[in-house]
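Participant:
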Amino acid sequence: MEEILLKLLVADNTSIQQGTAELREAFKKPESTPTLCQLIVSSTNSQVRQYAAVLLRKRYAKGKHWLKLPQHIRNEFKTVILQALVNEPEKMVKNAIAQLIGTIVKHELPNKEWPEVLQFVQQLITSENLINKELGTYTLSIMTEIAPDTYSIHAVPLANLLGQTLNSLQDLGNPVAYYILKTMQSLVPFVEGNQRMINAYHQVMPQIMTTIQSLTISHEDKAIQCFELLDELCEHGAAVIAPHVKALVTMCLAIAGNKALDDALRVKAVGFIGWLARTKKKAIIKHKLVEPILDMLFNLMSTPPEDDNDEVYFSGDNEDNTPVTCATQTLDLLALHLPPEKLVPQLLQYIEPSLQGTDVYAKKASYLAMALLAEGCSEYIRTKYLESFLRCTCQGISDPTPVVRNAALFALGQFSEHLQPNISQYSSELLPVLFEYLGQICAHIKQEKKEPPSVDRMFYALEMFCENLNESLLPYLPTLMERLFEILSTDTPVHVTELALSAIGSAAMASKEHMLPYFEKIITILDGYLSEKQIEETMCLQVQAVDTLGVIARTIGDKNFAPLADRSLNFGMKLLKETEDPDLKKSIYGLFASISTIMKKEIAGALPEIIEYMITSIQSSEGIVPHFKEDETSAFPVYDDLSENENENDEEDIENTDNEEDNDDDDVAGYSVENAYIEEKEEAILALKEIAENTGEAFLPYLEKSFEETFKLINYPQEDIRKAVIDAILQFCFSFSDINTNEGKQALLKALSVFIPKLSELIRLGDERTVAISGLDAYAELLKEIKSDVLIGEGHKDAIMNCVIDVMSGKTECQDQEEAEDLDIEAEQDELLVECAGDVFCNFGKVVPPEDFGHYFQTVLPMLLERSRRNKSEAQRSFAVGTISECFTALKQQTSNFIHILLPTFLKLVDDPNAEVRNNAIYGIGELALHSNAYMHFPDILTVLSNAIYKESHAGARDNIVGAIARLIIVNYMNVPLDQVFPIFVKQLPLKEDFEENKAVFRSILTLYQAGHPILRSYMNILLRVAVSILHENRTTDDEAKSIVVEFVKSAQRDFPDEWNSVLVDLPAEVVTNIQYIFS
1 MEEILLKLLV
11 ADNTSIQQGT
21 AELREAFKKP
31 ESTPTLCQLI
41 VSSTNSQVRQ
51 YAAVLLRKRY
61 AKGKHWLKLP
71 QHIRNEFKTV
81 ILQALVNEPE
91 KMVKNAIAQL
101 IGTIVKHELP
111 NKEWPEVLQF
121 VQQLITSENL
131 INKELGTYTL
141 SIMTEIAPDT
151 YSIHAVPLAN
161 LLGQTLNSLQ
171 DLGNPVAYYI
181 LKTMQSLVPF
191 VEGNQRMINA
201 YHQVMPQIMT
211 TIQSLTISHE
221 DKAIQCFELL
231 DELCEHGAAV
241 IAPHVKALVT
251 MCLAIAGNKA
261 LDDALRVKAV
271 GFIGWLARTK
281 KKAIIKHKLV
291 EPILDMLFNL
301 MSTPPEDDND
311 EVYFSGDNED
321 NTPVTCATQT
331 LDLLALHLPP
341 EKLVPQLLQY
351 IEPSLQGTDV
361 YAKKASYLAM
371 ALLAEGCSEY
381 IRTKYLESFL
391 RCTCQGISDP
401 TPVVRNAALF
411 ALGQFSEHLQ
421 PNISQYSSEL
431 LPVLFEYLGQ
441 ICAHIKQEKK
451 EPPSVDRMFY
461 ALEMFCENLN
471 ESLLPYLPTL
481 MERLFEILST
491 DTPVHVTELA
501 LSAIGSAAMA
511 SKEHMLPYFE
521 KIITILDGYL
531 SEKQIEETMC
541 LQVQAVDTLG
551 VIARTIGDKN
561 FAPLADRSLN
571 FGMKLLKETE
581 DPDLKKSIYG
591 LFASISTIMK
601 KEIAGALPEI
611 IEYMITSIQS
621 SEGIVPHFKE
631 DETSAFPVYD
641 DLSENENEND
651 EEDIENTDNE
661 EDNDDDDVAG
671 YSVENAYIEE
681 KEEAILALKE
691 IAENTGEAFL
701 PYLEKSFEET
711 FKLINYPQED
721 IRKAVIDAIL
731 QFCFSFSDIN
741 TNEGKQALLK
751 ALSVFIPKLS
761 ELIRLGDERT
771 VAISGLDAYA
781 ELLKEIKSDV
791 LIGEGHKDAI
801 MNCVIDVMSG
811 KTECQDQEEA
821 EDLDIEAEQD
831 ELLVECAGDV
841 FCNFGKVVPP
851 EDFGHYFQTV
861 LPMLLERSRR
871 NKSEAQRSFA
881 VGTISECFTA
891 LKQQTSNFIH
901 ILLPTFLKLV
911 DDPNAEVRNN
921 AIYGIGELAL
931 HSNAYMHFPD
941 ILTVLSNAIY
951 KESHAGARDN
961 IVGAIARLII
971 VNYMNVPLDQ
981 VFPIFVKQLP
991 LKEDFEENKA
1001 VFRSILTLYQ
1011 AGHPILRSYM
1021 NILLRVAVSI
1031 LHENRTTDDE
1041 AKSIVVEFVK
1051 SAQRDFPDEW
1061 NSVLVDLPAE
1071 VVTNIQYIFS
């Protein structure tokens, strides 16, 4: 046998082939296993000993093969390999033997066999001899890594043993400590929900941190691996981490700030702080850790890169992460998860002096930091810092240093994306600078024949800014298109051409049909990239051309694109049949979705093929990349099939496979999916959704299959896929509800029976807020569109309301549930989550009986009132008051039960410093009066409203005062002193901002009119002029409001012809024509 193995270890193909054949024959003989076993202890060649252990591990990876061995051979085998482990001097051989032991333990322990192995390991670990201790902990680390589930019943005693051993060590830099941490990592899955395990881990957390710190000095690679224990605890043992946040952050800050350490280790430390910011923000604020964290992040972000021309702010790939990119990602997490008031002022202490200083990298860091705040702290910046941030950025994008300029351009792009609509008012200052850059790019290309620096950042800023400008872009459109066409007509580098094509799409999004003068030229340019066969280098241009064509199709106007629709569809199908490229497929799916907005049901003939492709992409497992364990045994040519093809026809012993897993992936550490394939899948889902929406009945033959295949991805690891699935399934439910047959109704109820509980699971148990927000939005839309059918299924009502209550009370998995006394803090994204729950609650109220809703309202009201307190953010207070007010319509007569709590609260909030809160409180007072028996409170209400109208400066709030008075008149005008109130009421008309209140205003006027109240006569001329202006300027927000205004005017025409004629005479001709058209 040794001779055979030696043949396999020679770098000679002939020898290896001969050895393989001989080994295959040898394995057919029963004595091959004892022989290999003896080789592990007897061979003088370490490679042979190692190879023998590897072959045995592979051969007995599956329990069925191990159990076929006679019992006496198994017993001898186990004795031999334990002894071999103790006696083996070579590390690599020892590792192979330990892995073999771990594999055999996996088959033996569940059947209560081989208890000696744990006793053996325990004796070694408890030995006073450090060498034995190291061997014991090393072996246990390998055993538990190979099959952690095997140790579930042994987890607590093992954790206690490891803790005691770690405590007893004098030097935590010793390998024993490292092996203990590796073993503890394997046992982490048993921590969650097991208090004894939590206690065991909690007690040794200080030693775990000391071990990591010791290893940073002696073995950085091992310190990196030990961080994985902390990562695992975050995932499965958050209760262990919680009490140690301060110490963990302190340790990570020390590692992150130590430039002498390896980048990979520093990245681990910075990344771990990001995780803590995401999940333990209350502890971070309580222990005053925000400032030291910001200090470390800003310092890292200010570090000069090795190459200024190769600046990366974010790294999508963990392997490419540097301390700088990790710092920007961590600051982004802080902005998304910390309350803005705890973050922005502290960060400005670094930003402001750096912008004044001369260090260009500190300036770069300042603009980067401002950019990273834009998404998570958008409301806070909009209200407090927008102008100063933009002023700085305007200076930055003109900075002579590319490093600073790039960061400022990136900041401008981020502001354009997240600070709308406020930022658009600065277009006259910003666009000329960006256009000047476009001109410089063109000149640079002509002169240098190569791509200029900072081109990506410039186009990012330009695209984001233009995309969100809408019609405000129109004055600048000719200049922009002239510059883009110039770039595209020059011999331009591929990447710049791609960016310019994309920028045309952004301009089209803003300009819509105003792009028509450039339409023909754009299509000619795109045709060049679409029709010609592309090489690998220029493939990105074809992808971008398809994307831009899709945007043009959506925005240029249906009539304008219709002549090209069929051609574009056929062209897309031709490309799809010729490509396997995920980027191109993604773009083609987007194009088909765009075309469906124009062709509607006429696309039916192409749907069978289109949908088959999309379903295939949804089902596809392409792009899944296995990551193999790093293992010295992988250097050996190991023949897995040697043990597989013996006795192939034997029946499996079913009884003995209970604890067995398929070990074909024994060497696979994990899998990842390439981004391009994820994006293809996401676009396929979203395109299916949009085609279903646009094609109506034509989609019905594919509806059930689309639902089934899409729903299978609802737990997909990537959050963007989960969100896309939620959106698509929502649309498919709408499509089912549009089928007006009994079968359609049954199909809808079947779809809802899986979708409603699954949404509840994603909202309450998912760890991503964005997915929870999508889930809540889906609930709100289902209740709004499908109404009470949503609640037919068993448990649906509770599923939805439990989500609302859990979100409102901060009990879902994606909210920070830490207990922190006197700390009541939320990031803007947390507030958004709660606001989405509020929308669900309001829509829920509209589809259940008022009595039932009153019961739920009683539960939710204290949570909303808590959010209306002065110590909450303005956005939360405004939301809480607005949500309560929106509920009165659904509560109907039940509203009276809550007057005693709500009216005093609302009357008080009329004096709130925030205009939005005042606005919503005044609206709420009107709604409260409208839906309850509040007559006795009219004097108090009128006193507050009349005081408010004299001092209120906010147009929306003033309109709502008028609306509230209107509601009092509608309910009981006899209780309103009209001779005092009505002149002030009329004086405020027409409304200036909140045109929804026109409905209540004219309902109140009609109420008085129908009652024949004399006060109207003297105001008839004014009221008619107001009514005409509302109709002419289309300031009614729905058909009901419009019909009320029209009814008033028609009644006045009939009953007050003189007043009507005097109004008509003064009207401009176009207004008269429009009014006649409205009345025709």
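Note that the UniProt record's numbering has the sequence shown beginning at 1, numbered continuously upward. The beta-carbon is built from N, C-alpha and C at its ideal position, and this holds for glycine as well. Every value quoted in this text rests on a predicted model; they were computed, and no experiment measured them.
(1) Kindly confirm or deny that the region 1066-1076 and the region 1039-1047 touch, where touching means at least three C-beta pairs closer than 8 Å.
(2) Taking the alpha-carbon of E831 as reference, which of A880, K846 and V790 has the nearest alpha-carbon?
(3) Taking G528 as part of the alpha helix (DSSP H), name the residues at either end of that continuous run.
(4) CA-CA distance, L6 and T79?
(5) For K449, which residues in the same chain have their Cβ closer than 8 Å to its Cβ, ignoring the five residues on either side in sequence?
(6) Using three-state DSSP, classify E31 as helix, strand or coil.
(7) What first and last residue would you give for the alpha helix (DSSP H) that runs through H495?
(8) Mapping DSSP to helix, strand and coil, what is D1055?
(9) Tell me whether T741 is buried or exposed, calling it buried when 16 or more other Cβ atoms sit within 10 Å of its Cβ.
(10) For R869 and L1008, what's the separation of their Cα atoms in angstroms?
(11) Given this structure, state the Cα-to-Cα distance separating A553 from M515, to the nearest angstrom.
(12) I'd like the span of the alpha helix (DSSP H) that includes I1030, first residue to last.
(13) For K705, count neighbouring Cβ atoms within 10 angstroms of its own Cβ and tell me buried if that reaches 16, exposed if not.
(14) By the 10 Å Cβ neighbour count, where 16 or more other Cβ atoms means buried, how is D979 classified, buried or exposed?
(15) Between the region 282-294 and the region 244-258, are three or more C-beta pairs nearer than 8 Å?
(16) Roughly how far, in whole angstroms, is the beta-carbon of T137 from the beta-carbon of V191, given that I think they are within contact range, below 8 Å?
(17) In chain order, which continuous runs of the alpha helix (DSSP H) of length 4 or greater are located wholly inside the region 729-784?
(18) Please return the same chain residues whose Cβ sits closer than 6 Å to the Cβ of Q225, not counting the five positions on each side in sequence.
(19) According to DSSP, is N129 helix, strand or coil?
(20) Just confirm the distance between the C-beta atoms of K758 and I786, as a whole number of angstroms; I'd bet it's less than 8 Å.
(21) State the DSSP-derived secondary structure class of I397, mapped to helix, strand or coil.
(22) Which value, in whole angstroms, describes the spacing of the CA atoms of S214 and D231?
(23) Given a cut-off of 7 Å on the beta-carbon distance, is the pair R382 and L419 in contact?
(24) Using a Cβ-Cβ cut-off of 6 Å (strictly less than) and excluding sequence neighbours within five positions of K364, which residues of its own chain qualify?
(25) Between the Cα of P340 and those of T1037, A1011, Q99 and E874, spot the shortest distance and give me the residue it belongs to.
(26) By how many angstroms is the C-alpha of Y60 removed from the C-alpha of K68?
(27) What's the gap between the Cα of N645 and the Cα of T616?
(28) For L765, count the other beta carbons within 10 Å of its own beta carbon; 16 or more makes it buried, fewer makes it exposed. Which is it?
(29) Can you give me the Cβ contacts of V105 inside the same chain, cut-off strictly under 6 Å, excluding the 5 residues immediately before and after it?
(30) Less than 7 Å between the C-beta atoms of Y179 and S218, yes or no?
(31) When we look at the beta-carbon of L909 and count the other beta-carbons within 10 Å, is it buried (16 or more) or exposed?
(32) Are P990 and S1018 touching if we call contact CB-CB under 7 Å?
(33) If you draw a straight line from the alpha carbon of K182 to that of P189, how long is it in whole angstroms?
(34) Could you work out which residue in Y460, C392 and P862 is closest to Q356 when comparing CA atoms only?
(35) Apart from the five residues on each side of it in sequence, which residues of its chain come closer than 7 Å, Cβ to Cβ, to S1051?
(36) Following the continuous alpha helix (DSSP H) through G19, name the residue where it begins and the one where it ends.
Facilitator: If we stick to the structure as given:
(1) No, because fewer than three Cβ pairs between the region 1066-1076 and the region 1039-1047 fall closer than 8 Å, the two stretches do not touch.
(2) Nearest C-alpha to E831: A880.
(3) Start and end: L516 to S531.
(4) Taking the Cα positions, L6 is about 26 Å away from T79.
(5) Residues D491 of the same chain have their beta carbon placed closer than 8 Å to that of K449, with the five preceding and five following residues left out of the count.
(6) E31: coil per DSSP, three-state reduction.
(7) For H495, the enclosing alpha helix (DSSP H) begins and ends at V494 to S511.
(8) Helix.
(9) Its Cβ having fewer than 16 others within 10 Å, T741 is exposed.
(10) Taken atom to atom, the span from the alpha-carbon of R869 to that of L1008 is near 38 Å.
(11) Straight across, the Cα-Cα distance linking A553 with M515 is about 11 Å.
(12) From DSSP, the alpha helix (DSSP H) with I1030 extends over M1020 to H1032.
(13) By the neighbour-count rule (16 or more Cβ atoms within 10 Å), K705 is not buried but exposed.
(14) D979 sits exposed, since fewer than 16 C-beta atoms from the chains shown fall within 10 Å of its C-beta.
(15) With a cut-off of 8 Å, the region 244-258 and the region 282-294 count as touching, because enough Cβ pairs lie within range.
(16) The beta carbons of T137 and V191 sit about 19 Å from each other, so the pair does not count as a contact at 8 Å.
(17) Runs found: 742-765.
(18) Excluding its 5 nearest sequence neighbours in each direction, Q225 has no C-beta neighbour in its own chain below 6 Å.
(19) Looking at N129 - three-state DSSP - the assignment turns out to be coil, as it is neither helix nor strand.
(20) About 16 Å separates the two Cβ atoms, so there is no contact after all.
(21) Here I397 sits in coil by DSSP.
(22) Near 19 Å, if we compare the C-alpha coordinates of D231 and S214.
(23) Result yes, Cβ atoms of R382 and L419 sit closer than 7 Å.
(24) V403, V404 and A407, listed in sequence order.
(25) Comparing Cα positions, the closest option is E874.
(26) If I take the Cα positions, the gap works out to 10 Å.
(27) With a pLDDT of only 43 at N645, under the threshold of 50, the placement of this residue in the model should not be trusted, and no figure is reported.
(28) So L765 ends up on the exposed side.
(29) Closer than 6 Å at the Cβ level, and outside the excluded window around V105, lie V117 and M143.
(30) The Cβ atoms of Y179 and S218 lie no closer than 7 Å to each other.
(31) The residue is buried, with at least 16 neighbouring Cβ atoms inside 10 Å.
(32) Not a contact, by the Cβ cut-off of 7 Å.
(33) Those two C-alpha atoms are separated by around 13 Å.
(34) Per the Cα distances, C392.
(35) Within the same chain, S1051 has close Cβ partners Y1009.
(36) From DSSP, the alpha helix (DSSP H) with G19 extends over N13 to A26.
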